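Letter by letter, the sequence shown follows residues 100 to 387 of my numbering.
All C-beta atoms in this analysis are idealised placements derived from N, C-alpha and C, irrespective of residue type, glycine included.
The structure presented is a predicted model; accordingly, all values stated were derived computationally and were not measured.
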Amino acid sequence: MTEPDRLLLHPRDVHFDWSELPMHWIPREPFATHVLNVLHLLLPEGERWFCRAFQQALPLITDDRLAEDVRGFIGQEAVHAEAHQGVLAHLPAKGLDPDPFVAQVSWIFRRILGERPALTVRGRQEYLIEQLALVAAIEHVTAFLGDWVLNSPGLDRAQADPTMLDLLRWHGAEEVEHRCVAFDVMRHFDGRYLRRVRAMVIAGPTLWIMWIKGVKFLMANDPELPRGTVPTWRDYRRAVRKGMVPGPWRIARSMSRYFKPSYYPTQEGSTAQAVAYLAKSPAAQAAH
100 MTEPDRLLLH PRDVHFDWSE LPMHWIPREP FATHVLNVLH LLLPEGERWF CRAFQQALPL
160 ITDDRLAEDV RGFIGQEAVH AEAHQGVLAH LPAKGLDPDP FVAQVSWIFR RILGERPALT
220 VRGRQEYLIE QLALVAAIEH VTAFLGDWVL NSPGLDRAQA DPTMLDLLRW HGAEEVEHRC
280 VAFDVMRHFD GRYLRRVRAM VIAGPTLWIM WIKGVKFLMA NDPELPRGTV PTWRDYRRAV
340 RKGMVPGPWR IARSMSRYFK PSYYPTQEGS TAQAVAYLAK SPAAQAAH
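Shown next as structure tokens:
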């Protein structure tokens, strides 16, 4: 597929019905299910934080084309947050209360990474640029995940729930679609390589730790698993072998790309593939 010309980013008003979603929406695969369920724990608070940072940055952006992209990005991320919030709202009916873990996530994004009104004007601007660099680093990870889920036949072979698979692939396709925006915004304010690297050194390990903690939380509180169930590296290797979660070498290669001075987000995923999926996504098509 040839890459399309510049896209006009816009939010798609998608809706999903979770009333029939089983706890283990990848049948007989609780570990793989919960590895991907961590997205629902992290993304609503994370993407609302993205929106707050970008809304602060928008009046300071002097490039009209970039400002237009940022408005589209904010709209898409706001819809992503609500879509994953819908899954969270469904989990208590299945006997799993996500609130204790979500409260930790909220504390990180609102207290640790939230606004700091006590700073000077110069200090607030510097802090905003640091936030934007962190968003760019995290958006690299979400673009990687979006590309992975669009190219994950293992989930189809495992007969993953079609509604959840559409949520993940619709979201993944939009992450690929807008993967350059956060990087471009960061460079608009500060294009220094050191800033980019420092942000990923912070964001990468933090996401990894939170993901592991999230899987442990979900499996420990899953009412359909034996009490005290813990995930193991053997579970992970098996899920990778079956193509149900990203493998370590693929993750490492993606991360290493970000650290190259010549990196640009178009190296991660295919816009043409993302647009092609959005053209057939049941949720995206129903939103028209």
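As assigned by DSSP and simplified to three states, the class of residue i
i: P129; result: helix
i: E405; result: For the chain, the structure presents residues 100 to 387; residue 405 sits outside this window and is missing.
i: W310; result: helix
i: D393; result: In the structure as shown, the chain starts at 100 and stops at 387, and residue 393 therefore has no counterpart that could be examined.
i: Q155; result: helix
i: Y292; result: helix
i: G145; result: helix
i: S353; result: helix
i: E323; result: coil
i: L267; result: helix
i: W348; result: helix
i: S118; result: coil
i: T328; result: coil
i: L218; result: coil
i: Y362; result: coil
i: K315; result: helix
Residue environment, residue i, which counts as buried when at least 16 other CB atoms sit within 10 Å
i: H277; result: buried
i: H123; result: buried
i: H139; result: buried
i: E323; result: exposed
i: H109; result: exposed
i: S361; result: exposed
i: P325; result: exposed
i: V186; result: buried
Of the residues the options, the one placed nearest residue i, counting alpha carbons only
i: K379; options: R268, V344, A217 and P330; result: R268
i: P158; options: K193, H287 and T328; result: H287
i: H270; options: L249, L233, W307 and R295; result: L249
i: G313; options: P121, N136, L106 and E119; result: N136
i: G194; options: P252, R291 and P121; result: P121
* Asked: Does the count of Cβ pairs from the region 317 to 336 and the region 123 to 140 closer than 8 Å reach three?
  -> At 8 Å Cβ cutoff, the stretches touch.
* Asked: Are three or more beta carbon pairs between the region 206 to 216 and the region 328 to 335 nearer than 8 Å?
  -> Contact fails: fewer than three Cβ-Cβ distances are below 8 Å.
* To do: Say whether the region 213 to 226 touches the region 108 to 126, bearing in mind that this needs 3 or more beta-carbon pairs closer than 8 Å, one atom from each stretch.
  => Contact between the region 213 to 226 and the region 108 to 126 is absent: fewer than three C-beta pairs spanning the two stretches fall below 8 Å.
* Counting pairs of beta carbons, one from the region 145 to 155 and one from the region 165 to 181, are three or more of them closer than 8 Å? -> Here the region 145 to 155 makes contact with the region 165 to 181; the two share three or more CB pairs at distances below 8 Å.
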